[in-house]
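Novice: Below is one structure. I have some questions about it.
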Amino acid sequence: MSLAIEPGEIHAIVGENGAGKSTLIKIMTGVHQPDRGEIRVGGVAVTLRGTQDAQGAGIAAIYQEPMVFPDLDVAENIFISNRAESAVMNWRRLYAEADLLVAKLGVKLDVRRAASGLTLAEQQTVEIARALSLNVKVLIMDEPTASLSAHEVARLLDIARALRAQGVSVIYISHRLDEIFQIADRVTVIRDGSHISTKPIAEVTPEGLVHDMVGRAIDSFAVKTEASPHGAPVLQMQGLGRAGVFRGINATVHAGEVLCFAGLVGARRTDVALALFGIAPATEGEIKIDGAPVTIRTPAEAMAHQIAYVSEDRRKMGLAMTLPIFANISLASLGKLMGLFGLINAKAETAMAETYRKQLAIKSADTRVEVGKLSGGNQQKVMLAKWLETKPRILIFDEPTRGIDVGAKAEVHNIIRTLAGQGVAVIVISSDLPEVLALADRVLVMREGTQAGLLPIEEASQERVIGLAAGHDMKGAA
């Protein structure tokens, strides 16, 4: 891997999940040491034995999930990594310098405010200000916008441009190709742990970038123009709601149908999924399965009705990161694997996991690897395998392709279409409108906890969906 970052440039690094981006970042920040080659900063060879060495060389990173201390205020978080000059804290100077650093980023943020109340975007701002306080020369941004709203994304890109204007080199890693073309000066593609190309952004096309990333052409999202054939109603929601959260959801999902939930941040789409799966049960309205009313108060009751939920939050609600692949895949189906005295049939468990490893092309030598060591796209496949083994009739995907690359995204889309083709009733919640229009037979649009519209795919367009989500139905928009 040979890579040169120029002073005051935004250099994007892209690649599929498992391409080696995370390993590269860890070498740059001193978490891992290279087996061969060298790192030079300002033309001088350096050895980075840890994150403090990297900070001393002017290299810092911010990640998708910021690390702030909630019990400290903004200013304290900014200077947490700075060594004290004396035993007595000069609070006036601390807050004044924190104000200057935040102002450099072109952001308004009260530095005396407690970090516990900050939004995700504000936490990232604190981390960037912290890096500036350490005289950062190279700032690595690793998937910084994966969980941000469109407004917050625009602000973060402005911050990256402000850093570039101040001579800071920004390494920008993202699966969102539109962001790469908005902000990057140059882009480097890596694949299977190797450097593939480095080009000025003016010489790059989206199609060429995707081809370099995956080593083959990937068809762009094709907007569906008509619904796929589907069968009898499987799931019905009638006036479904949860007090103070969402209300008035009315929709039916048929066998073999893909119903997509669309909406802006805060639309409460995930809360509907949590109600259907019994994590945060509905308090009003009715759920029917095969025409019969059912009560779902727990995930166990949802699973008894053959409902599966692939959560948007892999770490909190999807996977046990320290357990191996095979243990995660069997997690929701242990009853089928138990023999005498409640002991798990290890041979059957391993064989089942191996089948899914091959079927879903999970990149791993075997199923004994810890899930936490897999890339995001492969973790997503493990979580999907866990639920597929339950043989669901109703499968809910919540942001199924968030944080995964274009190749893995195409694979997940094919899996969703295949499941629908097998008669599964599928619900997809997605903030990616091209994805919604590529997958949906119908689109249910939510706004601030209410149902703003239910569109057959023939009537759905980006303009109409966004209009409904924003409170203005642009009927007839093409």
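Under UniProt numbering, the first residue of the sequence shown is numbered 1, with each subsequent residue one higher.
Virtual Cβ for every residue (Gly too), placed ideally from N, Cα, C.
Determine the contact status of residue 169 and residue 38, defining contact as a CB-CB distance below 8 Å.
Specialist: no
Novice: Roughly how many whole angstroms lie between the Cα atoms of residue 126 and residue 98?
Specialist: 10 Å
Novice: Just the C-alpha distance for residue 470 and residue 337, rounded to the nearest angstrom, thanks.
Specialist: Distance between the alpha carbons of residue 470 and residue 337 is about 48 Å.
Novice: Between 274, 383, 53, which lies nearest to residue 486 when the distance is taken from Cα to Cα?
Specialist: Because the chain here runs from 1 to 478, residue 486 falls outside it and cannot be looked at.
Novice: Can you list, in chain order, the residues of its chain whose CB lies under 7 Å from that of residue 167, leaving out five sequence neighbours each side?
Specialist: Result list for residue 167: 7, 8, in chain order.
Novice: So what does DSSP say about residue 206, is it helix, strand or coil?
Specialist: helix
Novice: For residue 254, which three-state DSSP category applies?
Specialist: Residue 254 falls in the strand class under three-state DSSP.
Novice: Is residue 278 near residue 302, with beta carbons less than 8 Å apart?
Specialist: yes
Novice: Report all residues from its chain with a CB closer than 8 Å to the CB of residue 306; omit the five preceding and five following residues, and keep chain order.
Specialist: 390, 391, 392, 393, 394
Novice: Provide the residue span of the beta strand (DSSP E) that contains residue 194, from first to last.
Specialist: 194-200
Novice: For a minimum of 3 consecutive residues, which ranges assigned as the beta strand (DSSP E) are wholly contained in the stretch 9-65?
Specialist: 10-14, 39-41, 44-46, 59-62
Novice: Assign residue 246 to buried or exposed, taking buried as 16 or more other Cβ atoms, counted over all protein chains shown, within 10 Å of its Cβ.
Specialist: buried
Novice: Check residue 477 in the structure and name its three-state DSSP category.
Specialist: With a pLDDT of 45 at residue 477, under the threshold of 50, the predicted position of this residue should be treated as unreliable, and no value is reported.
Novice: Would you tell me roughly how many angstroms separate the C-alpha atoms of residue 396 and residue 403, rounded to the nearest one?
Specialist: 18 Å
Novice: Quick check on the DSSP output: what are the complete beta strand (DSSP E) runs of length 3 or more inside the stretch 284-334, in order along the chain?
Specialist: 284-289, 292-294, 307-310
Novice: Count Cβ pairs between the stretch 443-459 and the stretch 223-231 that sit closer than 8 Å; are there 3 or more?
Specialist: The count of Cβ pairs closer than 8 Å, one atom from the stretch 443-459 and one from the stretch 223-231, reaches three, so the stretches are in contact.
Novice: Give me, in chain order, the residues of the same chain whose beta-carbon lies closer than 7 Å to that of residue 180; leave out the 5 immediate sequence neighbours on both sides.
Specialist: 12, 14, 174, 187
Novice: DSSP on residue 168, reduced to helix/strand/coil?
Specialist: Looking at residue 168 - three-state DSSP - the assignment turns out to be coil, as it is neither helix nor strand.
Novice: Can you give the Cα-Cα distance for residue 334 and residue 419, rounded to whole angstroms?
Specialist: 23 Å
Novice: If residue 59 and residue 137 are in contact, beta carbons under 8 Å, what's the gap, nearest whole angstrom?
Specialist: The Cβ separation is near 7 Å, so the contact holds.
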